[in-house]
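Below is one structure; the comments refer to it alone.
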Amino acid sequence: MKSDKNTLFQGDQVRGALVQSFIKLDPRILFRNPVMFTVEIGTVVMLVVTVFSLFNKEQGSFGYNFTIFIVLFITVLFANFAEAIAEARGKAQAESLRKTREETPARLLVDGKESLVMSSQLKKGDVFVCETGDNIPTDGEIIEGIATIDESAITGESAPVIRESGGDKSSVTGGTKVLSDRIKVIVTTQPGESFLDKMIALVEGASRQKTPNEIALTILLAGFTLIFVIVCVTLKPFADYANTPITIAAFISLFVCLIPTTIGGLLSAIGIAGMDRALRANVITKSGKAVETAGDLDTLLLDKTGTITIGNRKATNFYPANGVNKKDFVTACVLSSLADETPEGKSIIELASQGEEKAIISAPANSVFIKFTAETRSSGLDTPDGIRIRKGAFDSIRNIALKAGNIFPNEVEEAVKNISSNGGTPLVVSQNESVLGVIELQDIIKPGIAERFERLRKMGVKTVMVTGDNPLTAKFIANKAGVDDFIAEAKPEDKMNYIKKEQQGGKLVAMMGDGTNDAPALAQADVGVAMNSGTQAAKEAGNMVDLDNDPTKLIEIVEIGKQLLMTRGTLTTFSIANDVAKYFAIVPALFMVSIPSLRALNIMDLHSPQSAILSAVIFNAIIIPMLIPLALRGVEYKPIGASALLRRNLLIYGLGGVLIPFLGIKLIDIIVGTMV
490 MKSDKNTLFQ
500 GDQVRGALVQ
510 SFIKLDPRIL
520 FRNPVMFTVE
530 IGTVVMLVVT
540 VFSLFNKEQG
550 SFGYNFTIFI
560 VLFITVLFAN
570 FAEAIAEARG
580 KAQAESLRKT
590 REETPARLLV
600 DGKESLVMSS
610 QLKKGDVFVC
620 ETGDNIPTDG
630 EIIEGIATID
640 ESAITGESAP
650 VIRESGGDKS
660 SVTGGTKVLS
670 DRIKVIVTTQ
680 PGESFLDKMI
690 ALVEGASRQK
700 TPNEIALTIL
710 LAGFTLIFVI
720 VCVTLKPFAD
730 YANTPITIAA
740 FISLFVCLIP
750 TTIGGLLSAI
760 GIAGMDRALR
770 ANVITKSGKA
780 VETAGDLDTL
790 LLDKTGTITI
800 GNRKATNFYP
810 ANGVNKKDFV
820 TACVLSSLAD
830 ETPEGKSIIE
840 LASQGEEKAI
850 ISAPANSVFI
860 KFTAETRSSG
870 LDTPDGIRIR
880 KGAFDSIRNI
890 ALKAGNIFPN
900 EVEEAVKNIS
910 SNGGTPLVVS
920 QNESVLGVIE
930 LQDIIKPGIA
940 ERFERLRKMG
950 VKTVMVTGDN
960 PLTAKFIANK
970 AGVDDFIAEA
980 KPEDKMNYIK
990 KEQQGGKLVA
1000 MMGDGTNDAP
1010 ALAQADVGVA
1020 MNSGTQAAKE
1030 AGNMVDLDND
1040 PTKLIEIVEI
1050 GKQLLMTRGT
1060 LTTFSIANDV
1070 AKYFAIVPAL
1080 FMVSIPSLRA
1090 LNIMDLHSPQ
1100 SAILSAVIFN
1110 AIIIPMLIPL
1120 ALRGVEYKPI
1130 GASALLRRNL
1140 LIYGLGGVLI
1150 PFLGIKLIDI
1160 IVGTMV
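Shown next, in the form of structure tokens:
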């Protein structure tokens, strides 16, 4: 999946796009783009006029008409090429995906017996077995076992992942490979409907439909086209009144230059490139609408664990009780954690090995390790010489101490309160039912996450942290990470209710999830991003799938969506602005001979009506391929606020859209003027 993100044009893609540019000349295909369809009609008319001019000079010379015809033909080809090269980039990625979808042998399980079938024969509900070295034949859910899976064929990441039954990491994808162990998998899709099949169809653009914004803009451009049809038609009686003969070539050239051909030629390419940029970020979007919606988001729901925090709490400090030697206390903490396989337990040993009071890291022989249970809410060990060490929750260890007739030190209780109020988790340690001190565990905020939330805030996006922590801890983490709001002690229905509440207020909401319990909220959200490692239910409910399983990817998706909207808006501004310049190039030149007072409007001082027309249509043609790289790469987005962004774009693309054509047309006129 990973590809060279810096290469816009590759030789094989360009060759394929050139072929497609001619195929797309089919009126049945081009009809979907009303602007370029009218240019194609004008090109056909000019072909007839060119042939006519071989025998009759009434409509101008053959060379002049032929040049106009060629330039108009190239204009349509350039527009087709813009769309074709955008599609080619997606199809190149689809080809690499298709290689992973080859027929794969599957070990089908029927009545406890294995039989070898091909992957295309598997049906929804079938159960198959995979062992070390086997390729997974199709999408499914693990119903028994645990395995290491190589998903590099799909995600491009070389690091293997763990998949197991009974959790949110039970989903497997066809085309991936089992690296270790044995699993039983139930098929969750019908033949031809696997996740990989859908990915290929989406990447190739077979399922791409115009988004509502794109349809609205297409209608607007069609309206502009109709208006300029009327404008050009009304010029005929004005020309007759001014006794100025205007050829068909002049009328068609004026029409083509006035209609928004630039954005008309690039509109489809911009939409396809937006989905392509999401794909290059390893996000599969089920529709272009999802990418656009991401650009208009108002609210973003993010899980705390793994998104805002690193994912596991870490020991950050040791607080011994008064009169307790710190080294002895740290040693007790280590001994109580030797059998603790949790990340928190391992972090206690790690912290102890780094401090000044380095503790022993081995228990006495024949020690009995006490495992954590939900009933005792503590763990530890008993040594052969009668030492009993326990580590656990504050109330659990306090009860142990008080029951034995020991006091619970005030300074330890105060430390517990301070740790809790700072968003941490206190673990109290005792020896022989006497409290030794407290360990502080903290959620580690991911580096740079606060800056990313500030970036979203500048975009106008409200961030909401979702966590199962108590409100006090949740508030501390939310403040430290810089999120705008939080949902504490969150249950699945809390996420759904929050999304509905925001939507009822007219807000667009996004969230990311990976579990079956996230599916309702993913479906309810305007943008639902499911983890590729998550359950099939989550992937079906969302309208995007993140192949990298990166919980912070939502932030990147928002920027991609905003970049898509901004690219379309800025190029539309540029297109309409340069139409103004082309108007001042052609109209005064057409009438300045018969109406000398119009010479004042010929501010570019163009050589003649013929050179003005040729210069304008040539510029109109070449500006499209010049803007293709910008349409594919996208206009750089900076979170500087909507009003500042509008001013910047109007200055660069509005004013630039007026000035660049003046300069370009004048340069072309200097060259053409010597030839006409």
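My numbering puts the first residue of the sequence shown at 490, with every later residue one more than the last. For each residue, glycine too, the CB sits at the ideal point set by N, CA and C.
Cβ shell of residue i (< 8 Å), same chain only, five flanking positions each side left out
i, result
"K513", "L519, N569, E572, A573"
"P649", "T637, I638, D639, E640, L668"
"Y1072", "C746, L747"
"G614", "I675, V676"
"V504", "The sequence given here places Arg at residue 504; Val does not occur at that position. Around R504: no qualifying Cβ."
"F717", "F744, L747, I748"
Residue i vs residue j beta-carbon contact at 9 Å
i, j, result
"L930", "K803", "yes"
"L1036", "L755", "no"
"E1074", "G1146", "Correcting the residue identity first, residue 1074 is Ala in this sequence and not Glu. Cβ distance not < 9 Å, so A1074 and G1146 don't count as in contact."
"F1108", "P1077", "no"
"K892", "E864", "no"
"S608", "P626", "yes"
"I1197", "R887", "Because the chain spans 490 through 1165 in this model, residue 1197 falls outside it and cannot be assessed."
"G1002", "A1027", "yes"
"G753", "E781", "no"
"N986", "T774", "no"
"G1110", "I1154", "Checking the sequence, you will find Ala at residue 1110 rather than Gly. Cβ atoms of A1110 and I1154: not closer than 9 Å."
"E633", "I672", "yes"
"T539", "V565", "no"
"L1148", "R578", "no"
Cβ-based burial, residue i [other Cβ within 10 Å; buried from 16]
i, result
"Q679", "exposed"
"F511", "exposed"
"N855", "exposed"
"P915", "buried"
"P749", "buried"
"D932", "buried"
"V537", "exposed"
"E839", "exposed"
"N771", "buried"
"T723", "exposed"
"Q502", "buried"
"N495", "Interpretation of N495 is limited by its pLDDT of 48, a score under 50 that renders its predicted location unreliable; the figure taken from the coordinates is listed afterwards. Its Cβ having fewer than 16 others within 10 Å, N495 is exposed."
"E830", "exposed"
"S604", "exposed"
"T1163", "exposed"
"P594", "exposed"
"P898", "buried"
"E529", "buried"
"E630", "buried"
"E991", "buried"
"I1092", "exposed"
"G549", "buried"
"S842", "exposed"
Neighbourhood of residue i by C-beta distance below 6 Å, restricted to the same chain and skipping five residues each side
i, result
"P1114", "F567"
"K658", "R652, S1022"
"R1057", "I759"
"F740", "C721"
"L486", "Because the chain here runs from 490 to 1165, residue 486 falls outside it and cannot be looked at."
"A828", "F858"
"G834", "S826"
"L1103", "V1161"
"L710", "V524, P749, G753"
"T556", "none"
Any C-beta of chain C under 9 Å from that of residue i
i, result
"V813", "In the structure shown, chain C does not exist; there is a single protein chain."
Counterpart residues of residue i in DSSP-defined beta bridges
i, result
"Y808", "V927"
"D974", "V953"
"D1171", "Within the shown structure, residues of the chain are numbered from 490 to 1165, placing residue 1171 beyond reach of any answer."
"R652", "A636"
"L597", "S604, F617"
"P915", "E929"
"V998", "T788"
"I675", "V616, E630"
For residue j and residue i, believed in contact at Cβ under 8 Å, the rounded distance
i, j, result
"S825", "R879", "7 Å"
"V927", "A821", "Rounded, the Cβ-Cβ distance is 12 Å, inconsistent with contact."
"G1050", "A783", "3 Å"
"S868", "F861", "4 Å"
Close beta carbons around residue i, own chain, < 7 Å, minus the five adjacent residues each side
i, result
"I889", "R879, S919, E922"
"T462", "Since the displayed the chain opens at 490 and closes at 1165, residue 462 lies outside it and no answer follows."
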